[in-house]
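Residue numbers (the UniProt record's numbering), protein chains in the order written: chain V, 1 to 292; chain X, 1 to 292.
For each residue, glycine too, the CB sits at the ideal point set by N, CA and C.
Bear in mind the structure is a predicted one, so any value in this text is a computation, not a measurement.
Structure, as structure tokens:
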DNA sequence: AGTAGCTCATAATTTTTCCCTATGACTGCG
DNA sequence: CGCAGTCATAGGGAAAAATTATGAGCTACT
């Protein structure tokens with residue numbers, strides 16, 4: 001026979017009110033029920049908690065001391081539970097999110113602003129990483145959600161399409177290519193190209209597209225950062241191939257961009273989550289904002 | 001529908017073992033029972049605690065976090081309850097005791113030693129005070145037990161006789177009174193007396209006894225401390241009237257004591273406690289040692 | 001002094017809760 | 001493909017706890 005929360009609440013309330021009857025009323029039970037709860041607790045602990053007399057009850061020293069300790073514990077419990085409920089209602093919570101740097105710089109700020117508007121209590125811990133690492137972080141559970149590239153069917157990951165990021169040709173001011181509405185791969189292959197460094201996933205995508213068309217890539221320049229590539233284009237040194245969503249393009253007013261005639265130069269940006277793992281309410285809210 | 005300790009234990013155990021079945025076994029319930037406990041808790045909190053799949057369960061982030069908090073709270077609860085049970089078994093606890101100085105110096109040390117032998121975990125907070133204050137401390141609940149004089153029927157206090165402390169005549173070495181087995185009040189009244197100071201309850205008792213016999217008291221010396229009185233007697237300056245139990249007499253080897261022929265020169269030393277208030281287990285143990 | 005009103009305790013009954021056994025569904029492995 | 005392991009579901013039954021009704025002891029008021 002062990003003690004229960006009900007008995008503990010009965011004790012604290014009885015000590016607080018100094019009366020079994022009042023305590024029972026406050027706890028919405030009948031007085032005999034509370035009397036029995038107290039008595040059962042006493043038997044369970046082997047401690048006399050109240051001195052009974054015909055004109056009421058009076059807590060013993062042990063009763064007072066226990067009520068104090070129990071009250072503190074009940075308060076802690078209440079706090080913990082309230083916190084959990086608050087998170088369930090999306091009124092608070094933390095999401096760890098792994099994001100591609102390009103998305104972090106472009107799509108993400110607006111999404112986070114919308115999330116904040118809808119759920120001000122939710123905090124998002126953003127970690128930017130390259131595509132492979134985004135997937136690894138989500139797999140390891142270090143990030144509850146990830147924004148990365150579609151990488152085909154992985155058993156441990158579930159992908160939700162977010163949007164497609166096409167690569168575009170970035171032309172220097174007044175370039176003759178600007179006359180066309182779109183460019184072909186062979187035309188691009190013949191032009192001096194500004195590409196990202198050979199290790200990047202962006203570069204790999206470009207290489208694949210050209211190879212599929214039977215072309216080889218001979219970059220005129222390689223830049224690690226997109227802003228460098230943009231600067232090179234602006235200086236008229238070549239044509240860059242960059243994601244359409246890159247913020248660097250939007251802040252470079254004189255440059256023109258043109259789509260490229262191939263379905264291969266596209267990246268499907270997806271939301272990643274562990275398969276079979278339910279999302280926290282906070283993550284759920286973030287996912288909704290990202291997808292919606 | 002609210003949460004219970006049982007459900008909380010189910011959660012912590014399920015997170016700990018990573019399996020509903022193992023958790024159920026450890027908690028000595030069937031697996032369906034545990035499944036239901038978890039589910040009820042989830043509904044009560046509005047939180048998904050586990051991701052279920054056919055090959056087992058896996059706690060969600062919320063489940064892990066809650067299990068951690070709940071475990072801490074359960075530990076605290078366990079500690080508090082264990083402490084209470086320990087006190088109930090007299091393996092620990094504190095008693096506040098108010099004592100007459102004379103008893104504190106004489107009877108008490110032995111009693112405390114016996115208490116320590118029987119119940120090493122019990123601590124006694126001793127406060128020495130004059131008879132009136134001993135009663136007041138017990139009435140106010142500041143001392144759970146008191147050792148004082150029998151003061152007649154008080155509505156708030158309950159008295160248990162401990163022993164009787166007779167006043168005896170303390171004679172200088174070789175005094176002629178030593179020839180008699182006992183002394184009479186008139187004989188004493190005629191001798192030079194060493195008494196305690198007029199404010200003490202001891203002195204009041206002596207005055208009353210002499211007055212009842214139609215005699216008046218003319219002390220040759222008044223001493224505040226018994227050790228002073230003893231020194232005066234040893235110097236042959238008079239005969240003292242002191243409690244037989246006074247430790248000062250035992251450490252004064254050359255002095256003789258004789259009883260006095262009157263029932264009035266006796267103090268009934270009693271154990272005092274609040275009427276209707278049960279004793280803590282520790283106080284119970286102390287009371288047993290004192291009375292036994 | 002008698003009585004009304006307050007307190008808590010007790011008793012018997014009913015309601016609710018909870019648990020257990022048996023079984024099913026699903027997955028992963030040999 | 002079947003076997004072993006996991007959790008979910010369903011139905012019957014036992015245990016726990018609540019309620020109502022009542023009793024008993026004290027206080028205070030008239």
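By alpha-carbon positions, which one of the options ends up nearest to residue i?
i, options, result
"residue 102 of chain X", "X:12, X:9, X:202, X:79", "X:202"
"residue 148 of chain V", "V:130, V:260, V:154", "V:130"
"residue 145 of chain X", "X:47, X:237, X:96, X:281", "X:96"
"residue 86 of chain V", "X:254, X:283, X:47, X:76", "X:47"
"residue 209 of chain X", "X:76, X:92, X:241, X:164", "X:241"
"residue 258 of chain X", "X:120, X:80, X:178", "X:178"
"residue 266 of chain V", "V:168, V:70, V:116", "V:168"
"residue 140 of chain V", "V:274, V:292, V:14", "V:274"
"residue 142 of chain X", "X:158, X:153, X:125, X:244", "X:125"
"residue 90 of chain V", "V:109, V:116, V:292, V:110", "V:116"
For a contact defined as C-beta to C-beta under 8 Å, what are the partners of residue i on chain X?
i, result
"residue 277 of chain V", "51, 58, 60"
"residue 80 of chain V", "66, 69, 70, 73"
"residue 88 of chain V", "45, 46, 47, 62"
Below 8 Å on C-beta distance, what does residue i contact in chain V?
i, result
"residue 311 of chain X", "Shown here, chain X extends from 1 to 292; a query on residue 311 of chain X therefore has no answer."
"residue 85 of chain X", "45, 46, 47"
Quick one: residues in its chain with C-beta nearer than 6 Å to the C-beta of residue i, no 5 flanking neighbours on either side, listed in chain order?
i, result
"residue 127 of chain X", "98"
"residue 3 of chain X", "41, 44"
"residue 50 of chain X", "57, 59, 63"
"residue 219 of chain X", "193, 195"
"residue 88 of chain X", "281"
"residue 114 of chain X", "289"
"residue 166 of chain V", "244, 266"
CA-CA distance, residue i and residue j?
i, j, result
"residue 213 of chain X", "residue 175 of chain X", "24 Å"
"residue 112 of chain V", "residue 19 of chain V", "53 Å"
"residue 170 of chain V", "residue 192 of chain V", "12 Å"
"residue 155 of chain V", "residue 36 of chain V", "56 Å"
"residue 216 of chain X", "residue 287 of chain X", "40 Å"
"residue 260 of chain V", "residue 83 of chain V", "51 Å"
"residue 222 of chain X", "residue 228 of chain X", "9 Å"
"residue 162 of chain V", "residue 79 of chain V", "37 Å"
"residue 289 of chain X", "residue 211 of chain X", "37 Å"
"residue 54 of chain V", "residue 21 of chain V", "13 Å"
"residue 269 of chain X", "residue 81 of chain X", "37 Å"
"residue 30 of chain X", "residue 52 of chain X", "18 Å"
"residue 188 of chain V", "residue 150 of chain V", "26 Å"
"residue 70 of chain X", "residue 69 of chain V", "16 Å"
"residue 66 of chain V", "residue 160 of chain X", "29 Å"
"residue 76 of chain X", "residue 206 of chain X", "57 Å"
"residue 204 of chain X", "residue 224 of chain X", "14 Å"
"residue 137 of chain X", "residue 32 of chain V", "35 Å"
"residue 1 of chain X", "residue 276 of chain V", "29 Å"
"residue 239 of chain X", "residue 190 of chain X", "11 Å"
"residue 92 of chain V", "residue 61 of chain X", "14 Å"
"residue 197 of chain V", "residue 15 of chain X", "46 Å"
"residue 118 of chain V", "residue 107 of chain V", "17 Å"
"residue 121 of chain X", "residue 271 of chain X", "22 Å"
"residue 186 of chain V", "residue 263 of chain V", "14 Å"
"residue 109 of chain V", "residue 72 of chain V", "42 Å"
"residue 123 of chain V", "residue 94 of chain V", "5 Å"
"residue 158 of chain V", "residue 152 of chain V", "10 Å"
"residue 164 of chain V", "residue 5 of chain X", "50 Å"
"residue 74 of chain X", "residue 34 of chain V", "23 Å"
Could you work out which residues of chain X lie near residue i, taking near to mean beta carbons separated by less than 7 Å?
i, result
"residue 26 of chain V", "Correct list: empty, because the minimum Cβ distance to chain X is about 15 Å."
"residue 207 of chain V", "Chain X residues near residue 207 of chain V: none, gap ~39 Å exceeds 7 Å."
"residue 5 of chain V", "4, 5"
"residue 77 of chain V", "73"
Can you list, in chain order, the residues of its chain with a C-beta nearer than 7 Å to that of residue i? Leave out the 5 residues immediately preceding and following it.
i, result
"residue 40 of chain V", "7"
"residue 309 of chain V", "The question about residue 309 of chain V has no answer, for chain V in this structure spans 1 to 292."
Find the residues of chain V that neighbour residue i, judging by a C-beta separation of less than 7 Å, and give them in chain order.
i, result
"residue 288 of chain X", "The contacting residues do not exist; residue 288 of chain X stays about 16 Å from chain V at best."
Going along the chain, which residues of its own chain have a beta-carbon closer than 8 Å to the beta-carbon of residue i, five neighbours each way excluded?
i, result
"residue 255 of chain V", "170, 171, 172, 173, 230, 233, 234, 249"
"residue 38 of chain V", "7, 10, 11, 14, 20, 49, 50"
### Message
With three or more C-beta pairs closer than 8 Å as the rule, is the stretch 21-31 of chain X touching the stretch 267-286 of chain V?
### Response
Because the criterion of three Cβ pairs below 8 Å is not met, the stretch 267-286 of chain V and the stretch 21-31 of chain X do not touch.
### Message
Would the stretch 229-239 of chain X count as touching the stretch 132-139 of chain X if we require 3 or more Cβ pairs under 8 Å?
### Response
Not touching, per the Cβ criterion.
### Query
Taking contact to mean at least 3 C-beta pairs separated by less than 8 Å, is the stretch 10-25 of chain X in contact with the stretch 179-188 of chain V?
With a cut-off of 8 Å on Cβ pairs, the stretch 10-25 of chain X is not in contact with the stretch 179-188 of chain V, counting fewer than three such pairs.
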